[in-house]
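Here is the structure we will look at.
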Amino acid sequence: MAQLAAALRPVPRFSARHCLCSATLAPRHSANSYPAIATAHTKLTSPATIVKRAASSSNRHPCILTNSITAGTMASQAPPAAAAAAENSDLDTKIATLLETSLKETAPTTESAQKTANDIERLYYQQKMSGGDAEDFLWKLWTITIQVAKKIPASDVRQAHLVDVIAKLKAKKSDSVEIWGQKAVMWDDLALFGPCMREAWNIDVKFDGSDDDKTKIQEWISLNSFAARLLGAKLQSWMNFGIWELRAGLEEPLKTAEAKNMHLSTASEWLTHAGKVMHTEAAQGVKPDEMEAKMLSSGSLLKGQTGNTTERWQFWKTRLAELSAEVTADVKAKADAAAAQMTKHEA
1 MAQLAAALRP VPRFSARHCL CSATLAPRHS ANSYPAIATA HTKLTSPATI VKRAASSSNR
61 HPCILTNSIT AGTMASQAPP AAAAAAENSD LDTKIATLLE TSLKETAPTT ESAQKTANDI
121 ERLYYQQKMS GGDAEDFLWK LWTITIQVAK KIPASDVRQA HLVDVIAKLK AKKSDSVEIW
181 GQKAVMWDDL ALFGPCMREA WNIDVKFDGS DDDKTKIQEW ISLNSFAARL LGAKLQSWMN
241 FGIWELRAGL EEPLKTAEAK NMHLSTASEW LTHAGKVMHT EAAQGVKPDE MEAKMLSSGS
301 LLKGQTGNTT ERWQFWKTRL AELSAEVTAD VKAKADAAAA QMTKHEA
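For the record, in the sequence shown the residue sitting at position 170 is 170 according to full-length UniProt numbering, with numbers rising by one throughout.
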């Protein structure tokens, strides 16, 4: 594998004021800021590129190391600092390589998912024996995992395989660790996964039809598919991500064909892969607390709803049918399939 062109900053982390497992912060993207859907992106990005993107995904948060190390300045750094930078960069690349190797298989299996989970666990213990900590490892692991998920088309079997890898990790027995002043079980809690996903829950597009915009929109669809699959598999409880996206797409007016295609794609991912979990919770009539009520309020087309309710569920189903007549054939097929799944869950 080619060496990285420059030593990287470690993947940045949230400050300790954020909850260890929470992902329930207000959504970042606006309801109508979406361009047209691009063609499927089937080629996975190389580990080196994934690491670079993960390392630069958020410059707002402090780096693990005080000083960033670049190719031009590495020689002038004191040996301990250079060694620390190289070690962090090496860990990022190892994680990305493990995931890429697993996803290269044409027909990933449960056995290969277990092997990848075992390899990740082994890498963690190697890092721990070298003086690393759980917080650093988990932040890197989840950030890179999310970057990889964004590169896998929503319809690709590798999406399910990546979720299976996480399921195998969650099933592992592990000791408690302390992160951000809180106790967590290393794998069972999937600690820091929520904050890492929240950091990625952002889309910035220009509606200019550029290749960059098309790539961003495909990555957004893939990210929603990944998050929906994790909720559907009950590996994470981040219902908020689904409600935010369904609100943006089905509870707000959509003025352009591009926005309709985009939103019906993401809505279909949630209702297909997490619909059963969402419907079950809605039927139970779980009431959100005051903070959740504000964050999970309904859009302008649906007044007076908050959280996950049966009224909201029925509105989503109606809007799917309405909008499916105004989108491309492939998106309509996905929306129709999602609506059929919703009916099945209601039976």
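Glycine residues also receive a C-beta, built at the ideal position from the N, C-alpha and C atoms.
- Cβ contact annotation for Gly307 (same chain, cutoff 8 Å, sequence separation greater than five): Ile243, Val286, Lys287, Pro288, Glu292, Ala293 and Leu296, in chain order.
- In this structure, Leu223 sits away from Ala248, with a CB-CB distance that is not shorter than 8 Å.
- Gly209 counts as exposed, since fewer than 16 other beta carbons sit within 10 angstroms of its beta carbon.
- Taking Val165 as the centre and dropping the five residues before and after it, the same chain places the C-beta of Ala113, Thr116 and Ala117 closer than 6 Å to its C-beta, in chain order.
- Three or more Cβ pairs closer than 8 Å define a contact, and the region 268-288 meets that threshold against the region 220-236.
- Across the structure, Lys255 and Leu302 are spaced so that their CA atoms are roughly 17 Å apart.
- Closest in alpha carbon position to Asp156, among Ala107, Glu311, Pro195 and Lys128, is Ala107.
- Taking all protein chains in view, the Cβ of Gln147 is crowded by 16 or more other Cβ atoms within 10 Å, so the residue is classified as buried.
- The beta-carbon distance between Met186 and Asp204, rounded to whole angstroms, is 33 Å. This is too long to meet the 8 Å contact definition.
- Closest in alpha carbon position to Thr309, among Ala282, Ser298, Leu320 and Ala333, is Ala282.
- Taken in chain order, the whole alpha helix (DSSP H) runs of length 4 or more contained in the region 80-155 are 110-129 and 134-150.
- Contact between Ala338 and Thr266 is ruled out by a C-beta separation of about 11 Å, above the 8 Å threshold.
- Cβ neighbours of Phe241 within its own chain (closer than 6 Å, five residues either side excluded): Ala227.
- When beta bridges are read from the DSSP output, Lys183 appears opposite Glu178.
- Per DSSP, the unbroken alpha helix (DSSP H) holding Lys214 starts and ends at Asp211 to Gly232.
- When the Cα atoms are used, Pro153 and Trp142 turn out to be separated by approximately 19 Å.
- With a 10 Å radius around the Cβ and a threshold of 16 neighbouring Cβ atoms, Gln126 comes out exposed.
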